[in-house]
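Chains A, B, C and D, in that order, give the protein sequences.
This note's numbering numbers the first residue of the first sequence as 96 and each following residue consecutively.
This note's numbering numbers the first residue of the second sequence as 96 and each following residue consecutively.
This note's numbering numbers the first residue of the third sequence as 98 and each following residue consecutively.
This note's numbering numbers the first residue of the fourth sequence as 98 and each following residue consecutively.
To keep things clear, I will list the structure first and then write my remarks on it.
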Amino acid sequence: MGVITYREALNHALREEMERDERVFLMGEEVGIYGGAYKVSQGLLEKFGERRVIDTPICESGFTGVGIGAAMVGLRPIVEMMTFNFALLALDQIVNHAAKLHYMSGGQFACPLVVRGPGGPAHQLAAQHSQSMETYFYHVPGLKVVRPTTPRDAKGLLKSAIRDDNPVIFIESETLYGVKGEVPEEAEFLIPLGVAEVKREGRDVTAIAYSGMYYRVLEAAEEVERTDGISVEIVDPRTLRPMDTDTILASVRKTHRALVAESGAGFAGMGSEIAAFVTESAFDDLDAPVARVTGANAPMPYARNLERLKTPSKEKIVEALRRVCGAA
Amino acid sequence: MGVITYREALNHALREEMERDERVFLMGEEVGIYGGAYKVSQGLLEKFGERRVIDTPICESGFTGVGIGAAMVGLRPIVEMMTFNFALLALDQIVNHAAKLHYMSGGQFACPLVVRGPGGPAHQLAAQHSQSMETYFYHVPGLKVVRPTTPRDAKGLLKSAIRDDNPVIFIESETLYGVKGEVPEEAEFLIPLGVAEVKREGRDVTAIAYSGMYYRVLEAAEEVERTDGISVEIVDPRTLRPMDTDTILASVRKTHRALVAESGAGFAGMGSEIAAFVTESAFDDLDAPVARVTGANAPMPYARNLERLKTPSKEKIVEALRRVCGAA
Amino acid sequence: MAIKDKTTTAGGGRLDATLGRQLLAQMLLIRRFEEKAAEMYALGKIGGFLHLYIGQEAVAVGAISTIQLDDYAIAGYREHGHALAKGADPRRLMAELFGRRDGVSKGKGGSMHLFDRSVNFLGGHAIVGGYLPIATGVAFAIRYEERDRVILCFFGDGSVPQGEFHESLNLSALWKLPVVYICENNRYAMGTAIERALAQTEIYRFAEAYKMPGEACNGMDVLDVRACVGRAVARARESRTPSLVEARTYRFRGHSMRDPSAAIYRTKEEVAQEKLRDPIGGFRDQLLREGLLDEAGWKALSDEVEARVAEAVAFADASPEPPAEWLLEDVYA
Amino acid sequence: MAIKDKTTTAGGGRLDATLGRQLLAQMLLIRRFEEKAAEMYALGKIGGFLHLYIGQEAVAVGAISTIQLDDYAIAGYREHGHALAKGADPRRLMAELFGRRDGVSKGKGGSMHLFDRSVNFLGGHAIVGGYLPIATGVAFAIRYEERDRVILCFFGDGSVPQGEFHESLNLSALWKLPVVYICENNRYAMGTAIERALAQTEIYRFAEAYKMPGEACNGMDVLDVRACVGRAVARARESRTPSLVEARTYRFRGHSMRDPSAAIYRTKEEVAQEKLRDPIGGFRDQLLREGLLDEAGWKALSDEVEARVAEAVAFADASPEPPAEWLLEDVYA
Ligand SMILES: Cc1ncc(C[n+]2csc(CCOP(=O)(O)OP(=O)(O)O)c2C)c(N)n1
Ligand SMILES: Cc1ncc(C[n+]2csc(CCOP(=O)(O)OP(=O)(O)O)c2C)c(N)n1
Ligand SMILES: [Mg+2]
Ligand SMILES: [Mg+2]
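As structure tokens, then:
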């Protein structure tokens with residue numbers, strides 16, 4: 096166990112898997128000489144050379160398709176989106192090709208591809224650069240979607256994603272790259288896709304959150320514990336597709352209350368599905384409707400003060416936790 | 096009132112709005128000489144000429160962007176997607192540009208654009224041509240999303256969409272183009288965006304469905320009325336964004352039970368949001384969890400027998416209606 | 098039935114009789130297979146979209162005759178001919194069109210999504226332009242693993258205005274990838290004549306923009322296609338140089354079975370005129386003239402083709418529907 | 098401060114003193130405005146990404162000097178210079194960078210999304226290549242309404258590999274739209290040298306593929322840019338012919354404030370060498386040499402520019418934050 100950053104954890108996962116399997120390569124804008132726009136691939140070019148760490152021109156659809164084609168005939172490409180906002184340009188490749196090749200070909204071809212990069216709002220990057228991109232992927236049969244929260248998750252999940260035989264959308268977070276945490280060092284440390292984690296034990300309410308939202312929910316949980324004696328259990332799905340409904344439901348059946356927090360604009364987001372299946376499967380266990388705390392229903396503004404209002408604050412979460420627990 | 100097809104209703108809406116406003120034009124693949132791949136624009140080239148009915152090369156991103164640029168400086172473009180599956184290629188234009196221009200420019204520029212065409216599964220068109228595309232749009236702030244069910248809806252909503260000052264995603268249905276119905280003829284017949292319709296009155300359960308699913312729900316409603324005496328109220332949202340939650344909630348508060356049917360793969364679909372807000376706002380009025388009937392979680396297979404199993408059948412809906420009413 | 102001869106620089110020199118008959122037989126098989134498919138569509142045994150290749154047979158056959166079984170081919174939704182030329186079993190292809198369990202894609206793909214791994218046929222794609230980057234990626238993998246392989250990527254003139262055409266050609270030229278882009282220019286994208294879609298209608302000239310070799314050939318002449326693609330394949334093998342080949346051809350039928358007349362956007366005269374260039378009749382006559390085939394040989398060859406097509410239909414008819422469980426299988430590997 | 102003179106075929110003939118001073122003043126204003134913005138970024142008054150145009154001023158100024166107020170300009174995220182050259186108020190631009198209510202985009206856009214309808218500046222876009230189709234659509238609207246207008250579309254060498262570059266050029270050439278695509282080739286897209294991104298590095302030559310006029314000019318020489326773009330604008334006005342102009346230039350600073358040294362991908366020597374071509378110093382010396390400006394004039398001019406920049410900062414500082422309600426306003430028109 097060493098304490099490293101989320102960025103380093105990703106870097107180590109890439110390094111270890113590339114060492115382990117010659118078929119794994121990394122491709123994307125600035126991943127080589129520049130070491131990655133966010134330095135996630137730092138040092139990989141030096142270690143693995145230009146054959147396996149490939150700088151691409153700016154053509155997201157084109158190089159994502161290159162990844163798909165290479166995966167179809169046996170390689171294991173990792174395609175970096177400098178930020179996931181640009182994946183919109185590659186959506187046809189991902190949704191209409193990567194996700195469907197295995198099915199359309201009657202199982203003859205697989206697409207062991209990882210598309211990774213930072214997603215979600217950062218600091219004053221405004222409307223076109225601050226979107227919760229997972230929404231475009233988690234409803235698509237054939238894709239897997241991962242959103243790691245801690246350095247440990249980042250490493251263990253990325254290694255599993257690279258070894259997975261399906262297209263995996265792996266969305267990191269610019270605001271978490273600097274977060275530090277304990278990460279196992281053994282080469283075989285893996286976190287399976289599709290398994291949620293109870294990151295904080297609690298009795299009174301289950302809060303479901305991932306990526307940056309997890310940390311705000313944690314602060315809120317600590318506050319309501321102090322101020323109201325409310326004990327919050329926090330479940331991090333970690334993988335959004337396939338979703339580990341069992342772990343979430345088990346927690347809700349225990350606490351009888353649930354809250355979902357997400358940074359994206361609320362309408363028809365991840366929180367909607369979580370609220371829906373929790374209610375569907377645990378209706379009689381619920382003492383209150385599932386509370387949803389989401390981002391404001393607007394594009395992301397640039398101004399610092401407006402940006403703060405756009406994403407769910409600790410205060411909003413605290414207030415919602417109290418409400419769902421009837422303490423408000 | 097005349098009885099015309101859904102296709103004709105759309106054609107009339109286009110014709111009337113183009114007559115009314117010189118700034119309105121139609122652009123897309125095969126909309127001109129060919130009269131539209133599904134003949135929706137039949138006769139418009141003859142009537143309005145090549146200046147206003149423009150055949151484009153195959154470049155969805157390019158010509159959608161042309162529509163956005165033209166809208167930005169005062170025209171009112173209607174861009175046809177031959178089928179909405181191809182809109183994936185234009186998603187960056189729609190989501191990152193059309194939807195955000197007004198906001199990013201602090202309200203200086205508007206984007207009065209309609210992107211229309213058929214979406215959803217048809218008959219054995221297989222994985223790449225049979226997707227419920229609304230999922231990519233209804234969570235995006237800045238967009239409006241419409242899915243007309245009847246010829247009357249098709250005409251009244253398309254006319255409103257064309258007159259709207261925002262980008263409107265208008266998703267028709269290949270399987271409904273031939274459906275006939277009564278449609279008012281007066282030029283000022285409009286159905287406002289964002290207003291749902293109670294298409295069938297009932298007492299025991301509220302079924303929410305749009306487009307093709309509405310017809311299956313209707314058959315199911317008639318069957319359970321006969322067989323179980325269950326009285327089903329059917330609400331058609333018609334516009335998915337903005338969603339008319341009031342009409343839906345009013346109905347649920349009356350019936351105390353709700354079912355949502357959608358043709359798309361279930362996880363994180365429109366039904367998830369509807370189930371979520373209904374439960375959130377009418378929790379104490381609900382006698383049972385909201386039932387969801389959705390398509391199977393797989394890409395669309397070609398084989399006729401498998402295709403039938405992929406989308407929700409009348410039988411599945413009947414069974415769910417009985418379940419939610421405790422009659423099963 | 099992929100042709101085994103190693104020549105990749107055909108065209109020059111006198112034509113070998115066996116090769117000539119093979120090329121003719123392949124083109125005829127494609128023609129008869131599709132004529133039969135059209136009948137089956139009318140009978141409702143085939144659903145969805147059905148795009149016939151009739152008139153363009155010389156392109157797939159001539160081009161694919163220059164590569165080996167372990168080389169790759171990829172195409173669009175008008176791909177029956179390419180799948181057959183690459184060596185896929187006509188019986189399993191017909192079963193796929195019928196949506197049956199013995200189809201090459203287990204009945205899940207249909208006419209637009211024929212895949213056959215056993216002959217390195219990579220499909221079968223229905224998004225115009227969408228698979229050009231994928232073909233480029235296959236070539237990338239060939240270079241990555243330093244294999245002696247190439248990929249032929251077939252697409253229509255309608256793909257050229259699409260951005261992925263540009264992105265793909267730039268990447269393969271920049272990285273020197275062993276891919277041959279073969280544009281089957283039949284002058285129409287659905288109802289859109291090429292002059293209404295492209296500022297530059299001499300498609301092979303787009304190659305210059307990427308400093309890539311570009312060449313046009315007569316898509317109605319199987320030997321000319323073979324010679325032209327042969328040169329491109331040689332460049333790809335020897336120096337990993339990608340090429341753009343424009344095969345000038347014509348589709349005799351409508352865009353799909355739903356566009357039977359195709360009369361809205363082209364004249365009867367034009368179609369009649371083009372049919373005089375029938376790649377099959379013309380090549381048969383040439384073989385007869387050059388004494389490489391006699392009437393009896395022709396009869397035998399066509400009888401054998403008819404028999405294979407009849408067998409394919411019988412096989413497809415006999416194959417059961419896919420079992421219900423298959424709906425949820427193959428979603429994930 | 099858009100330049101009013103109607104000449105669209107400058108460059109030829111002797112330079113007019115007033116025009117010369119205007120061009121110099123604009124370039125200097127951009128330079129000083131951005132040097133100040135960099136300071137403000139360091140102080141935390143500006144957030145997000147900040148991409149400086151320093152070194153490229155001659156391109157925006159020379160090009161925009163050939164069009165009128167009612168003509169359009171659109172650019173990417175490195176657009177402070179284009180907005181200023183098009184005539185936007187430096188005070189409201191600085192306020193936008195500060196994220197204040199008096200910013201051109203009400204503080205909602207920031208450095209990457211400057212829009213100013215009053216001078217027909219259409220932004221301010223942060224998706225590389227994404228606004229090329231939009232510029233094409235503006236030209237489409239001009240033709241549709243038969244207006245005597247043109248649009249200049251500025252983008253970097255990094256947009257060229259993007260599919261929308263190809264789609265846009267094909268559409269405007271096919272439909273004859275009055276747009277001038279101006280590629281500011283500063284030889285790097287972030288850290289990627291153009292040779293590693295394009296099979297064809299002479300960007301203006303892509304025009305040939307669309308049978309479109311293409312021309313390269315010295316992007317460090319405001320008069321050369323003006324002459325070259327002037328010819329393109331004339332073609333656009335007179336015959337609705339689109340053009341591709343490649344302005345060869347260089348960015349003196351890093352890609353953004355987060356890439357200060359920019360030392361990973363280019364050498365100090367190269368940067369030093371390029372700085373010798375400084376478009377501002379060079380042009381000032383030329384004006385002095387030709388006697389169109391004297392030291393006093395230069396002093397006066399630079400003092401005025403300094404004053405305007407100071408005023409802009411004061412204005413931005415004084416402007417309040419946008420009110421909370423604005424978060425949910427302007428989502429829908
Ligand atoms: C991205 C995309 N846009 C539109 C379509 C609908 N469509 C199918 S085939 C076709 C015409 C293609 O013509 P071409 O590429 O010349 O091939 P051909 O049919 O002539 O063989 C169109 C527009 C599609 N499948 N994909
Ligand atoms: C579609 C897309 N991909 C990637 C990026 C990230 N990005 C921002 S600027 C840039 C480099 C662009 O270089 P160039 O076009 O040459 O313009 P310059 O910065 O040199 O002015 C990249 C890769 C983006 N904004 N949009
Ligand atoms: Mg064609
Ligand atoms: Mg550049």
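Positions of the beta carbon are idealized from the N, C-alpha and C atoms, including for glycine.
Here the structure is a predicted model, which is why all the values come from computation and not from measurement.
Under the DSSP assignment, A324/C falls outside any beta strand (DSSP E), being part of the alpha helix (DSSP H) whose first and last residues are 319–336. Taken atom to atom, the span from the alpha-carbon of D167/D to that of S215/D is near 9 Å.
The beta carbon of Y278/D sits closer than 6 Å to the beta carbons of C250, L341 from its chain, once the five residues preceding and following it are set aside; these are given in chain order. Per DSSP, Y310/B is not a residue of any beta strand (DSSP E); the alpha helix (DSSP H) it occupies stretches across 307–323. K405/A and L424/D have their C-alpha atoms spaced approximately 7 Å apart.
The three-state reading of DSSP puts K142/B in helix, counting H, G and I together. R175/C has its CB nearer than 6 Å to a heavy atom of ligand 1.
Taken in chain order, the members of the segment 282–316 of chain C whose beta-carbon sits within less than 8 Å of a beta-carbon on chain B are A286, M287, G288, T289, R293, A294, L295. At a threshold of 6 Å, E124/B counts as near ligand 1, since its beta carbon sits closer than that to one of the ligand's heavy atoms. Short note on F251/C: C-beta not closer than 6 Å to any heavy atom of ligand 1. Listed in chain order, the positions of the segment 248–268 of chain C with a beta carbon within less than 9 Å of a beta carbon of chain A are I248, G260, E261, H263, E264, S265, N267, L268. K195/A sits in coil when the DSSP states are folded into three classes, being neither helix nor strand. Closer than 9 Å at the C-beta level to chain A, one finds these residues of the segment 356–367 of chain B: G359, A360, G361, F362, A363, G364, M365, G366, S367. Look at A270/D: its C-beta is under 7 Å from a C-beta on chain C. The C-beta distance from V290/A to T334/A rounds to 7 Å, short enough to fall under 8 Å.
In this structure, DSSP gives P376/D a helical state, which the three-state scheme calls helix.
When secondary structure is reduced to three states using DSSP, I151/C falls in the coil class, being assigned neither helix nor strand. Nearest in C-alpha terms to I164/C, of all of H179/C, G378/C, I151/C, is H179/C. Straight across, the Cα-Cα distance linking N191/A with M287/C is about 21 Å. Counting every other CB atom within 10 Å of its CB across the protein chains shown gives A282/B a total below 16, marking it as exposed. If you draw a straight line from the Cα of D260/B to the Cα of A193/B, it comes to about 11 Å. Close CB contacts of K133/D within its chain, under the 7 Å cut and outside five residues either way in sequence, are with V406, V410 (chain order). Residue environment: G273/A is assigned as exposed (fewer than 16 neighbouring CB atoms within 10 Å of its CB, all protein chains considered). Residues of chain A whose Cβ lies closer than 9 Å to the Cβ of G152/C do not exist; the shortest such Cβ separation is about 27 Å.
A Cβ of chain B is located within less than 7 Å of the beta carbon of A421/C. Distances between the C-beta of G255/D and the heavy atoms of ligand 2 include at least one below 6 Å.
Distances between the C-beta of Y397/A and the heavy atoms of ligand 4 are all 6 Å or more.
Following the DSSP letters along the chain, one finds D400/D inside the alpha helix (DSSP H) bounded by residues 392–415.
At a beta-carbon threshold of 9 Å, none of the residues of chain B lie near V326/C; the nearest stands roughly 24 Å away. With contact defined as three or more Cβ pairs closer than 8 Å, the segment 394–409 of chain B and the segment 197–210 of chain C are in contact. Cα atoms of D321/D and R345/D: separation of roughly 11 Å, rounded to the nearest angstrom. With respect to T342/A, E328/A sits apart: the two C-beta atoms are not nearer than 7 Å. Beta-bridge partners assigned by DSSP to R345/C: N282/C, N315/C.
Residues of the segment 136–169 of chain B whose Cβ lies closer than 9 Å to any Cβ of chain C, in chain order: D150, T151, P152, I153, C154, E155, S156, G157. In this structure, A217/A has its beta carbon at no less than 6 Å from each heavy atom of ligand 2. Rounded to whole angstroms, the gap between the alpha carbons of L116/C and M124/C is 12 Å.
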